[in-house]
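Enquirer: Take this structure, written in structure tokens, and hold onto it; I'll ask about it next.
There are 2 protein chains.
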Amino acid sequence: MNSSPPGKGSPAFLLTQVGTHAAQAFAKRIAALSVTPAHAGILRMLKMHSPLSQRELAAKLGMHASRLVAILDEMEEGGLAVREPSAKDRRVYQLRITEKGLETLREIGLVYQEHNAAITAALSDEERETLTSLLERIAADQGLVPGVHPGYQSLPVKARSGKAAGKASRD
Amino acid sequence: MNSSPPGKGSPAFLLTQVGTHAAQAFAKRIAALSVTPAHAGILRMLKMHSPLSQRELAAKLGMHASRLVAILDEMEEGGLAVREPSAKDRRVYQLRITEKGLETLREIGLVYQEHNAAITAALSDEERETLTSLLERIAADQGLVPGVHPGYQSLPVKARSGKAAGKASRD
DNA sequence: TATTGTTATACTCTATAACTATA
DNA sequence: TATAGTTATAGAGTATAACAATA
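Here the protein sequences come in this chain order: E and U. Mapping of the first sequence onto numbering that gives the first Met the number 0: residues 0 to 170, in sequence order. Mapping of the second sequence onto numbering that gives the first Met the number 0: residues 0 to 170, in sequence order.
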């Protein structure tokens, strides 16, 4: 097991393999709601921490503020969130989730539940809990912030250009 | 737990969170060997299945053949693999791993072991085995091919441009 | 006419550094 | 002079469709 291919049946590789698959499957599911994982994460942040300036939001997500501009443009266009001028400082925007954003977040929650059930379909309820608790301990040990995707720095901004999504094969 | 943010403490989200983190951490580790995850996966494939044509390799990895061109150029440049003309069909190349490629694969194996230990440092041996077996069952249920990264379609070809890697913060 | 590997094109995403308007 | 948000630029990656050589 030393000169052999690394990690075929060992946890770290399985984690990236299954984790990548889960991320792809989730992105595909919520594409039906016209949102990306980035949108979903931002909606969640805004629900929990509104109001937030763009820089505060960027800091919380671990991404550069300039990347947020396009994403927030999309979200405003889609009616999910709004930029409101701050009374105190005319340079900053207070970001707030809209009623439609809250509704979309609820729908995302439902889709997530389906996704969660599908991904862990092979496990019993008890095993699901075991898995959750092991993963929570790893996440804590690795310094991951609950609810924040570490790939935020490079999560696609827009949904993949449609053609590929219709290709039947994946998931 | 219904209108609340999706998946904070539930397995599917934890899987993508921890899985993404693990993938990033591994990529960073093997960057010290001047290889990317894509290179590592190809080295492993070539060790197991040499010789292989480019189209056969692309099919096994689930990626488009044209993407392989640049990656194999790099690997030949780095002396990890070679394109040998086929005796039977002058259109095809037989890909073979070199002695240096085998040596690099051994080193990757060692780095992987460190990585695996680091990622699962929070767990006991028994828990590690439990996690492995749960993940293997999920992977099998989801139709994932053992040892093949589902993100192969969009794994970065070259190591990230250096500057970012030296930025201290991640991992 | 089909297939292998390659190249060319157009498109997306990203990071960085200007830039503006405020403070 | 510093900060919030924006825009511009340049670079990297990808997918797709041509393409040349060979079958």
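Beta carbons: idealized from backbone N, C-alpha and C, even for Gly. Keep in mind the model is a prediction, meaning the values are calculated, not measured.
1) Under the assumption that alanine 86 (chain E) contacts threonine 15 (chain U) (Cβ atoms under 8 angstroms), give the Cβ distance between them as a whole number of angstroms.
2) Run the CB neighbour count on glycine 242 (chain E), radius 10 Å, all protein chains shown included, and call it buried at 16 or more, exposed below.
3) Do lysine 46 (chain E) and glycine 77 (chain E) have their beta-carbon atoms positioned less than 9 angstroms apart in this structure?
4) Can you tell me whether alanine 164 (chain U) is helix, strand or coil according to DSSP?
5) Once you ignore the five residues that flank methionine 44 (chain E) on each side, which residues in its own chain have a CB closer than 8 angstroms to its CB?
6) Could you run through the region 124 to 137 of chain U and flag, in chain order, every residue whose CB is less than 9 angstroms away from some CB of chain E?
7) Can you give the Cα-Cα distance for glutamine 112 (chain U) and alanine 31 (chain E), rounded to whole angstroms?
8) With DSSP as the reference, identify every bridge partner of glutamine 93 (chain U), one or two as the case may be.
9) Confirm, please, whether the CB-CB distance from valine 17 (chain U) to leucine 143 (chain E) is below 9 angstroms.
10) When burial is assigned at 16 or more other CB atoms within 10 Å of the CB, is serine 9 (chain E) buried or exposed?
11) Consider the Cβ of glutamine 93 (chain E): report whether some Cβ of chain U lies at a distance smaller than 9 angstroms.
12) Leaving out the 5 sequence neighbours to the left and right, which residues in its chain are closer than 6 angstroms to isoleucine 137 (chain E) when beta-carbon positions are compared?
13) Measure the alpha-carbon distance for serine 2 (chain E) versus glutamate 75 (chain U) and round it to whole angstroms.
14) Between alanine 116 (chain E) and threonine 129 (chain U), what straight-line distance do the alpha-carbon atoms span, to the nearest angstrom?
15) Going by CA-CA distance only, name the one from U:Ala24, U:Ile29, U:Val91 that's closest to arginine 105 (chain U).
16) I'd like to know whether the C-beta atoms of leucine 79 (chain E) and valine 34 (chain E) end up nearer to each other than 9 angstroms.
17) Report the option in E:Leu122, E:Val91, E:Thr131 whose CA atom is closest to the CA atom of glutamine 141 (chain U).
18) In chain order, what residues of the same chain lie with their CB nearer than 8 angstroms to the CB of arginine 127 (chain E), ignoring the 5 residues before and after it?
19) For serine 49 (chain U) and isoleucine 96 (chain U), which I take to be in contact (beta-carbon distance under 8 angstroms), what is that distance rounded to the nearest angstrom?
20) Going along the chain, which residues of its own chain have a beta-carbon closer than 6 angstroms to the beta-carbon of arginine 169 (chain U), five neighbours each way excluded?
21) Quick one: residues in its chain with C-beta nearer than 7 angstroms to the C-beta of glutamine 110 (chain E), no 5 flanking neighbours on either side, listed in chain order?
22) Can you give me the C-alpha to C-alpha distance between valine 91 (chain E) and proline 149 (chain E), rounded to a whole angstrom?
23) Cβ of valine 81 (chain E) within 9 angstroms of Cβ of leucine 67 (chain E)?
24) Starting from the beta carbon of alanine 69 (chain E), find every residue of chain U whose beta carbon is closer than 7 angstroms, and list them in chain order.
25) What three-state label does DSSP hand leucine 32 (chain E) in the structure shown?
26) What does aspartate 88 (chain U) touch in chain E if you count any residue whose Cβ is under 7 angstroms from its own?
27) Ordered along the chain, which non-local residues of its own chain (more than five positions away) have a Cβ less than 7 angstroms from that of threonine 103 (chain E)?
28) Which term fits histidine 114 (chain U), buried or exposed, when burial requires 16 or more other beta carbons within 10 angstroms of its beta carbon?
29) Buried or exposed: where does glutamate 125 (chain U) fall if 16 or more other Cβ atoms within 10 Å of its Cβ makes it buried?
30) What did DSSP end up calling leucine 143 (chain E) once you bin it into helix, strand or coil?
Expert: With the given structure in hand:
1) Their Cβ separation, rounded to whole angstroms, is 38 angstroms, which puts alanine 86 (chain E) and threonine 15 (chain U) out of contact at 8 angstroms.
2) Residue 242 (chain E) lies beyond the residue range present for chain E, which begins at 0 and ends at 170; the question has no answer from this structure.
3) With a cutoff of 9 angstroms on beta-carbon distance, glycine 77 (chain E) and lysine 46 (chain E) are scored as not near each other.
4) Reliability fails at alanine 164 (chain U), whose pLDDT of 28 lies under 50, so the model's placement of it is uncertain and the value that follows must be treated cautiously. Looking at alanine 164 (chain U) - three-state DSSP - the assignment turns out to be helix.
5) Leu51, Leu56, Lys59, Leu60
6) Glu126, Arg127, Glu128, Thr129, Leu130, Thr131, Leu133, Leu134, Glu135, Arg136, Ile137
7) 40 angstroms
8) U:Glu83.
9) yes
10) Only buried fits serine 9 (chain E), as 16 or more other CB atoms lie within 10 angstroms of its CB.
11) By this cut-off, glutamine 93 (chain E) is not an interface position.
12) none
13) For serine 2 (chain E), the predicted model reports a pLDDT of 34, less than 50, meaning its position is unreliable and no value from the coordinates is stated.
14) 20 angstroms
15) U:Ile29
16) yes
17) E:Leu122
18) Only Thr119 meet the Cβ criterion.
19) 6 angstroms
20) Any reading at arginine 169 (chain U) needs caution, since the residue's pLDDT is 27, under 50, leaving its predicted position unreliable; the model's value is listed next. So the list is empty, once near-sequence residues are dropped.
21) It should be noted that the sequence gives valine, not glutamine, for residue 110 (chain E). Cβ within range, chain order: Arg28, Ile29, Leu32.
22) 26 angstroms
23) Between valine 81 (chain E) and leucine 67 (chain E), the gap from beta carbon to beta carbon reaches 9 angstroms or more.
24) Near alanine 69 (chain E) there are no residues of chain U at all, since even the closest Cβ is about 20 angstroms away, more than 7 angstroms.
25) coil
26) The contact set of aspartate 88 (chain U) on chain E, defined by CB atoms closer than 7 angstroms, is empty, because the minimum CB distance reaches about 28 angstroms.
27) Leu32, Val34, Leu42, Leu79
28) That one is buried.
29) With fewer than 16 Cβ atoms within 10 Å of its Cβ, glutamate 125 (chain U) is classed as exposed.
30) DSSP places leucine 143 (chain E) in coil when its eight states are reduced to three.
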